[in-house]
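Listed in order, the protein sequences are those of chains A and B. The opening residue of the first sequence carries number 1 in UniProt numbering; numbering runs sequentially from there. The opening residue of the second sequence carries number 1 in UniProt numbering; numbering runs sequentially from there. Cβ coordinates follow ideal geometry from the N, Cα and C atoms, glycine included. Here the structure comes first, spelled out in structure tokens, and everything after it is commentary.
Number of protein chains: 2
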Amino acid sequence: MAPVPHGHVTLVQVARWAGVSAQTVSNAVNNPERVAPATRERILAAVEELGYEPNLSARALRNRSSSLIAFKTRPARTDKASLLMDEFLYALNAAAAEAGYHLILCHAEDGSANEIKAYRDLLKKTSVDAFVLAETHRNDDRVSALRSWGVPFASFGRSWDGDEATSWVDVDGRAGTRAATEHVAAQGHCRIGHIGWPAESEIGSERREGWLEGCRGRELETDLQAAVADTLEAGRQAAHRMLDSSRPATALVCASDTLALGVLRALHERGLRPGADVAVTGFDDSPTAALVSPGLTTLHQPIDVVGRQLIQSIDNLLAGDLRDPQHVLLEPELIVRGSSLPGPPRQ
Amino acid sequence: MAPVPHGHVTLVQVARWAGVSAQTVSNAVNNPERVAPATRERILAAVEELGYEPNLSARALRNRSSSLIAFKTRPARTDKASLLMDEFLYALNAAAAEAGYHLILCHAEDGSANEIKAYRDLLKKTSVDAFVLAETHRNDDRVSALRSWGVPFASFGRSWDGDEATSWVDVDGRAGTRAATEHVAAQGHCRIGHIGWPAESEIGSERREGWLEGCRGRELETDLQAAVADTLEAGRQAAHRMLDSSRPATALVCASDTLALGVLRALHERGLRPGADVAVTGFDDSPTAALVSPGLTTLHQPIDVVGRQLIQSIDNLLAGDLRDPQHVLLEPELIVRGSSLPGPPRQ
DNA sequence: CTGTTAGCGCTTTCAC
DNA sequence: GTGAAAGCGCTAACAG
């Protein structure tokens, strides 16, 4: 089947219309300074008039560069309360569009080997210009693979290996958790427990550090801590343990909203009131946090800034600024709701 | 800057390696039956050996078809509890990948004019093969635009205009709501109220119909109904109204989890127990539904099937089956949790 | 069944 | 400052 006429306007048509060569139109579009002002204006008018848009396939073929940025989708974990990745993808795509890129989604079954193969295939098939990684971790195979191929990329999540060469954007979980800890301390709580993730998780360790710093700053004890899986049930059980303690917790700072919701359930089971009896804080500002009663105090990640910064970094990399990788650490915002306030829960 | 060597394997290299012409390699890959078995095998071995992957930009340029399917991202509404779109995008992308397509994301500010312009631009620039629409509504401008351009598309959400020509996949909100209604009726409830959306919403109307059918089937009254915005607060207020009634509701069937969570809050404020005192059901099976205490009975949309069916439809359209648009209506699954059960809430 | 030719739309030389 | 030529990798059409 031969290609069907497509009605798309090409360089040549613009050229004919403006009475110049195709090459000059190309220059007028991509290197305006090379073209005499008068001609340039005439050409740009023609572009406008005819509604010309450059064909990216042709460009990609010629330039080996497609203005495509790849991102791998991950399954939405239904057990998790967070909408984070959905918001992230929107923010990233908005920023990409604004900078003249398009996002192309990559799919791979779980496992970094599959993922790397998917990246490789995508690179061979399309000339994606760059990749965005999310949820990077220590010894991340994807990082070394992309680096070995010489493909530009930026990651949402810092490079935990101390890899200075990688551009990343991250949210400071330590500062956030410290802010939450200090907030509940300011409400007068002295027995502040922490429910977080196991030490394997770099993100979890950071958040735990924040709690430790917050406690130490006020010379509070740090004996109440748990490292559990990120599930509601684990949060619930950990909360019960900390409330059964001889000197029980009066505040629980959690590494996630999911864990905090487990704490709320435990409080419910014991007939304790969140806020009034035990202060609770989460992390991520999931939709659920605003919807439960009382509302859950939590930390909001500035996800739109993350998206914009990542695209910015990639833009720099593609412009050839390889020598100066960006490392951006953003502060999350403490959203105070009823679950950490002594007063009668209002929302 | 001249294109840099890319190390990608091309048809010509495979051809040389196998001692045939480029054309024959192309045939071996795309139309195996045209090539003699022996040659074919030799060529495919070479393809394997060299790790050849066809360059999609070149193909797109030549064929005016890119194996790209476009989807517009929408902002995650933080006020909404549902993760639906996140899951949908994952499912769609997985299905696309399996069928050999890639998803490219489209961005547009709110407003169908912007959206249509974004589609137009994307078409001019990238020869996307097809579009997937979501959240279609009556008199959807996007549908008429795509149709007028002759671009294949399929939508998540039926064609409300009775447009037989459009391929769509949808989830039967009516059947779902009816199932929820019958479920609470089976628990012995006779005063079953419905909190739904205004009549402008086709989806909302469908869900309300389901409730009506459920009630009529058991000869229950249908006087308790509310049409409100999809917010927690609206659900809360509507619930109070129905519980203040002279013959108050003992069960509330809601058009969304968000509304149902508002109902739960109202019950909390009145000291009533969800399930034991008043049965509550939502719709969408948002993560929150599983996380609140007691769990919220709700309807789960078979989102992975939706994704697969949409890609299937698009595949058919691209294969030229224009005469037989698919209309797939899927049944949601009732997930029963504590909020609709009389017993002591266990989860 | 296989090879040759041509061209998709664009952009980097390199002349003029 | 502008144009002509060439080619990115692929495949339809046509010969052989």
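Say whether the region 128 to 147 of chain A touches the region 105 to 118 of chain A, bearing in mind that this needs 3 or more beta-carbon pairs closer than 8 angstroms, one atom from each stretch. Because the criterion of three Cβ pairs below 8 angstroms is met, the region 128 to 147 of chain A and the region 105 to 118 of chain A touch.
Distance cutoff 8 angstroms, beta carbons only. Does Arg346 (chain B) sit that close to anything in chain A? Unreliable placement is indicated for Arg346 (chain B), whose pLDDT of 42 sits below 50; the coordinate value is still reported in the next sentence. Not closer than 8 angstroms to any Cβ of chain A, the Cβ of Arg346 (chain B) fails to qualify, so no.
Just verifying my parser: in three-state terms, what is the DSSP assignment at Val143 (chain A)? The answer is helix: DSSP assigns Val143 (chain A) an H, G or I state.
Contact set between Arg227 (chain A) and chain B, taken where Cβ atoms lie within less than 9 angstroms: Correcting the residue type first, residue 227 (chain A) is Ala in the shown sequence and not Arg. One finds nothing in chain B with a Cβ atom closer than 9 angstroms to the Cβ of Ala227 (chain A); even the nearest lies about 21 angstroms away.
Limits of the alpha helix (DSSP H) - the one that Ala15 (chain B) falls within: Leu11 to Ala18 is the extent of the alpha helix (DSSP H) around Ala15 (chain B).
So if DSSP puts Val171 (chain A) in a beta bridge, which residue, or which two residues, is it bridged to? In the DSSP assignment, the residues bridged to Val171 (chain A) are A:Leu330.
Pairwise C-alpha distance: Gly111 (chain B) and Asp285 (chain A): Computed Cα separation, rounded: 27 angstroms.
So, helix, strand or coil for Arg201 (chain B), using DSSP? It is worth fixing the name first, because residue 201 (chain B) is Ser in this sequence and not Arg. Of the three classes helix, strand and coil, the one that applies to Ser201 (chain B) here is coil, per DSSP.
Quick one: grab the DSSP three-state call for Ser26 (chain B). DSSP places Ser26 (chain B) in helix when its eight states are reduced to three.
What does a CB cutoff of less than 8 angstroms around residue 370 (chain B) pick up in its chain, not counting 5 residues either side in sequence? Any question about residue 370 (chain B) goes unanswered here, given that chain B covers just 1 to 347.
Residue-chain proximity (Tyr101 (chain A), chain B), Cβ-Cβ < 8 angstroms: No, Tyr101 (chain A) lies away from the interface with chain B (no Cβ there is under 8 angstroms from its Cβ).
Proximal residues of chain B, C-beta to C-beta of Val292 (chain A) below 7 angstroms: What Val292 (chain A) touches in chain B, judged by beta-carbon distance under 7 angstroms, is Val292, going in chain order.
Would you list, in sequence order, the uninterrupted alpha helix (DSSP H) runs of no fewer than 4 residues that lie entirely inside the region 74 to 143 of chain A? Counting whole runs of 4 or more residues, the region 74 to 143 of chain A contains the alpha helix (DSSP H) stretches 84 to 98 and 112 to 125.
Alpha-carbon spacing of Arg270 (chain B) relative to Leu261 (chain B), whole angstroms: If I take the Cα positions, the gap works out to 14 angstroms.
Would you kindly report the start and end of the unbroken alpha helix (DSSP H) that includes Ala266 (chain B)? Per DSSP, Ala266 (chain B) belongs to the alpha helix (DSSP H) from Asp257 to Arg270.
What's the call for Asn55 (chain A), buried or exposed, on a 16-neighbour Cβ count within 10 Å? Counting the other Cβ atoms within 10 Å of the Cβ of Asn55 (chain A) gives 16 or more, which makes it buried.
If I measure Cβ to Cβ from Asp140 (chain B) and keep anything under 6 angstroms in the same chain, skipping five residues before and after, which residues do I get? None.
Mind checking Arg346 (chain B): buried by the 16 CB within 10 Å criterion, or exposed? Note on Arg346 (chain B): pLDDT 42, under 50, position unreliable in the model; no value is reported.
Would you report the Cα separation of Ile335 (chain B) and Tyr90 (chain B), rounded to the nearest angstrom? Ile335 (chain B) and Tyr90 (chain B) have their C-alpha atoms roughly 22 angstroms apart.
When the cut-off is 8 angstroms and only beta carbons count, does Tyr119 (chain A) lie next to chain B? The beta carbon of Tyr119 (chain A) does not come within 8 angstroms of any beta carbon belonging to chain B, so the residue lies off that interface.
Quick check: is the beta carbon of Asn31 (chain A) nearer than 8 angstroms to any beta carbon in chain B? Chain B contact via Cβ: absent.
Use the C-beta contact count for Val280 (chain B): other C-beta atoms within 10 angstroms, 16 or more gives buried, fewer gives exposed. The C-beta of Val280 (chain B) has 16 or more other C-beta atoms within 10 Å across all chains shown, which makes the residue buried.
Can you list the residues of chain B that Arg265 (chain A) reaches, using a CB-CB cut of under 9 angstroms? Taking a Cβ-Cβ threshold of 9 angstroms, the residues of chain B close to Arg265 (chain A) are Leu291, Val292 and Ser293, in chain order.
Thinking C-alpha only, which one of B:Gly338, B:Gln312, B:Pro332 and B:Glu49 is nearest Gln326 (chain B)? The residue among B:Gly338, B:Gln312, B:Pro332 and B:Glu49 with its C-alpha nearest the C-alpha of Gln326 (chain B) is B:Gln312.
Determine the direct distance from the alpha carbon of Val128 (chain A) to that of Ala60 (chain A), and round the result to whole angstroms. When only Cα atoms are considered, Ala60 (chain A) and Val128 (chain A) end up about 9 angstroms apart.
Check whether the Cβ atoms of Glu333 (chain B) and Asp172 (chain B) lie closer than 8 angstroms to each other. Cβ distance not < 8 angstroms, so Glu333 (chain B) and Asp172 (chain B) don't count as in contact.
Show which residues of chain B have a CB atom less than 8 angstroms away from the CB atom of Glu53 (chain A). Correct list: Asp121, Lys124 and Lys125.
Looking at chain B, is there any beta carbon in it that lies within less than 8 angstroms of the beta carbon of Ile66 (chain A)? The sequence as given places Ser at residue 66 (chain A); Ile does not occur at that position. Answer yes: the Cβ-Cβ gap between Ser66 (chain A) and chain B drops below 8 angstroms somewhere.
How is Thr181 (chain A) classed by DSSP in three states: helix, strand or coil? In this structure, Thr181 (chain A) counts as helix in the three-state DSSP scheme.
How far does the alpha helix (DSSP H) with His240 (chain B) in it extend, from its first residue to its last? From DSSP, the alpha helix (DSSP H) with His240 (chain B) extends over Leu232 to Asp244.
To which residues of the same chain is residue 364 (chain B) closer than 7 angstroms at the C-beta, ignoring the five residues directly before and after it? No answer is possible for residue 364 (chain B): it lies beyond the span of chain B, which begins at 1 and ends at 347.
Assign Ala95 (chain B) to buried or exposed, taking buried as 16 or more other Cβ atoms, counted over all protein chains shown, within 10 Å of its Cβ. Classification of Ala95 (chain B): buried, given that the 10 Å Cβ count is 16 or more.
Buried or exposed: where does Ser245 (chain A) fall if 16 or more other Cβ atoms within 10 Å of its Cβ makes it buried? Burial call: exposed.
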